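Residue numbering for the sequence shown follows this note's numbering, starting at 2 and increasing by one per position.
Beta carbons: idealized from backbone N, C-alpha and C, even for Gly.
Bear in mind that the values here come from a model prediction, so they are computed numbers and not experimental data.
Worksheet: one structure, shown below.
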Amino acid sequence: MRLLHGKISTRILYLFTFVSISSLLSLAFLTRPRSKYDGPPPPFQRPTGTNSLKGIDPLLYNSGPPSGRLWYPQERALANATLLALVRNSEADAMVQSMLDLERIFNLKFNYPWTFLNNVPFDEEFKRKTRAATKAEISYELIPPEHWAVPSHIDPQVLNASMHRLEDLGVQYSTALSYHQMCRYNSGMFPFHPALLKYKYYWRVEPNVHFYCDLPYDPFHFLADRDLIYGFVIALYDAPASVASLWPEVLRFLASYTPGKAPLINPNAAVGFLTDSHYRPLHTLNASGYSTCHFWSNFEIGDMDFFRSPLYQAYFRHLDQSGGFFYERWGDAPVHSIALSLFADKKGIHWFRDIAYEHIPYFNCPRVDSSGAEGRCQAGRFTNGDKTLEEEDCRANWFHYAGIG
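In structure tokens, the structure reads:
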């Protein structure tokens, strides 16, 4: 009897201790000083003197996942989508790094297929390493040679001179022919790869990137349910010398193209994002009227039907015929961004603020509970520490013209 009494007393003591500690923790939480960043961010107001978002970055606010119905693992069949990477055999380890991160935060729960593209056949080492990084289906695909080759209208002598002129101007990758080919391919040809024709949505993943926060919901169904066509995390300014003639060529296309019944430029387009000169007027001047703002396309989740559309393909063919992918260094990021900001409703473009992402030297770091990003991806971090890169952030313009979303 005394033993039973002792056990009951011990249990009562444990229970009292647990309740007391819980009460103290709750009281501490309720009485802690509230931060101005608790809750959702206020309506965005563009800074007047600088494009820096320090202290007002929406990522500093604990806004959580997007509003509305979200779909979690096993709640719904997979969307018609693939995880997509254009990658070389020599980048196997860097690709595995990206895969392991994305599998950990997302794809282990969903099991979306991977599609790898290369302009040469994938070797067995690449296949072995990438197969070990996922349980999902993988397709290893060769880019059709006619999609990768330098087009016949490009003059080799002009190309060589142009590449070295850009090198003298400090344009990165200007003398790497494969980089020009990659930018052209990603700008307009990738959605027509035979292995991708069966898919509607893609999530572009590059080697040696990092994902930090758990992503519990399906971003493909998120886009589809809301009629969104494109998602990004980082927006930057480009080097004006790399796109000096891009905007004039876009204007020539707009003047020459005969649209159908729908207006050529979407009535709710974010044209100001492309032409703004508020923060960096010299960029706009040196790029012939283009702000150089673009969605950084090493991360993009999008609807390939937009890029397959007759309007987009006419736009791409016009740019391709001008030679700017080779005589300058037009990237797929500005080419995609200009089309999206002209031809799409700005409400159809989504900033995935809740996806913590790093592609050296830039970050998208949200403030979310249990992010798993402690130490490296602190809320609001934008660069790897180089303060001169802060001015490359173009999100303030996007938020100004299109809203935070």
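Handout entry: Buried or exposed by the 16-neighbour rule on C-beta atoms within 10 Å, applied to Val409
Key = For residue 409 there is no data in the structure shown, the boundaries of the chain being 2 and 406.
Practice task
Tell me whether the beta-carbon of Val369 lies closer than 8 Å to the beta-carbon of Asp355.
Solution key: yes
Practice task
Using the Cα positions of Pro311 and Pro42, report the straight-line distance between them to the nearest angstrom.
Solution key: 39 Å
Handout entry: CB of Pro74 within 8 Å of CB of Phe123, strictly
Key = no
Handout entry: Exposed unless 16 or more other CB atoms sit within 10 angstroms - verdict on Asp102
Key = buried
Problem - Asn81, buried or exposed, once every other Cβ within 10 Å from all chains shown has been counted against 16 - result: exposed
Exercise for the section: Taking 8 Å as the cut-off, decide whether the C-beta atoms of Lys128 and Tyr113 are in contact. Expected result: no
Handout entry: Exposure of Val251, with buried meaning 16 or more beta-carbon neighbours within 10 Å
Key = buried
Practice task
Determine, using beta carbons only, whether Tyr203 and Met100 come nearer to each other than 8 Å.
Solution key: no
Practice task
Could you tell me whether the stretch 389-399 touches the stretch 273-288, where touching means 3 or more Cβ pairs closer than 8 Å?
Solution key: yes
Practice task
Pick out whichever of Arg205, Gly404, Tyr186, Asp219 has its Cα sitting closest to the Cα of Asn109.
Solution key: Reading the sequence as shown, one finds Leu at residue 109 and not Asn. Of Arg205, Gly404, Tyr186, Asp219, the residue nearest in Cα terms is Asp219.
Handout entry: Top-ranked residue by Cα proximity to Leu79, from Gly381, Phe344, Lys201
Key = Lys201
Exercise for the section: Please state whether DSSP places Ala78 in a helix, a strand or coil. Expected result: coil
Practice task
Classify Ser140 as helix, strand or coil using the three-state DSSP reduction.
Solution key: strand
Exercise for the section: Measure the Cβ-Cβ separation of Trp297 and Leu237 and say whether it is below 8 Å. Expected result: yes
Problem - Cβ distance (whole Å) where Asp215 is taken to contact Ile106 below 8 Å - result: 5 Å
Exercise for the section: Give the secondary structure of Trp297 by DSSP, where H, G and I count as helix, E and B as strand, and everything else as coil. Expected result: coil
Exercise for the section: For Arg70, name the three-state secondary structure that DSSP assigns. Expected result: coil
Practice task
Identify, in the order they occur along the chain, each residue of the same chain with its Cβ nearer than 7 Å to the Cβ of Val97, setting aside the five sequence neighbours on each side.
Solution key: Lys130, Thr131, Ala134
Problem - For Pro303, three-class secondary structure by DSSP - result: Looking at the sequence itself, residue 303 is Gly, so the reference to Pro does not match. Strand, per DSSP.
Problem - Touching by the beta-carbon criterion (3+ pairs, under 8 Å), the stretch 168-187 and the stretch 36-55 - result: no
Problem - Complete runs of the alpha helix (DSSP H) confined to the stretch 190-259 [at least 4 residues] - result: 220-226, 247-257
Exercise for the section: Grab the span of the beta strand (DSSP E) containing Leu54 for me, first residue to last. Expected result: Looking at the DSSP string, Leu54 is not in any beta strand (DSSP E), and its letter there is neither H nor E.
Exercise for the section: In angstroms with no decimal places, state the Cα-to-Cα distance between Ala270 and Pro264. Expected result: 11 Å
Practice task
Indicate whether Glu301 and Phe233 have their beta-carbon atoms separated by less than 8 Å.
Solution key: yes
Problem - Candidates Tyr358, Cys378, Tyr291: closest to Ser342 by CA position - result: Tyr291
Exercise for the section: Go through its chain and collect everything with a Cβ distance to Leu71's Cβ below 7 Å, but skip five positions before and after it. Expected result: Tyr218, Phe223
Problem - Identified DSSP bridge partners for Leu85 - result: Thr116, Arg205
Practice task
Within its chain, find whatever has a CB closer than 8 Å to the CB of Val20; leave out the 5 residues flanking it on each side and keep chain order.
Solution key: Any reading at Val20 needs caution, since the residue's pLDDT is 43, under 50, leaving its predicted position unreliable; the model's value is listed next. There are no such residues.
Exercise for the section: Out of Gly381, Ala334, Gly404, Asp169, point me to the one whose CA is closest to His351's CA. Expected result: Gly404
Practice task
Could you tell me if Lys347 is buried or exposed, where buried requires 16 or more neighbouring beta carbons within 10 angstroms of its beta carbon?
Solution key: buried
Exercise for the section: Flag Thr389 as yes when its Cβ comes closer than 7 Å to any non-hydrogen atom of the ligand GTP, and as no otherwise. Expected result: Absence of the ligand GTP is noted for the structure shown, with no ligands found whatsoever.
Exercise for the section: Reducing DSSP to helix, strand and coil, say where Trp331 ends up. Expected result: coil
Problem - Pairwise C-alpha distance: Ala240 and Leu167 - result: 11 Å
Problem - Residues bridged to Ile187 (per DSSP) - result: Sequence inspection shows Asn at residue 187; the Ile mentioned does not correspond to that position. Paired residues: none, contrary to the question.
Exercise for the section: Using DSSP bridges, identify the partner residues of Thr285. Expected result: Note: Thr285 sits in no beta bridge, so no partner.
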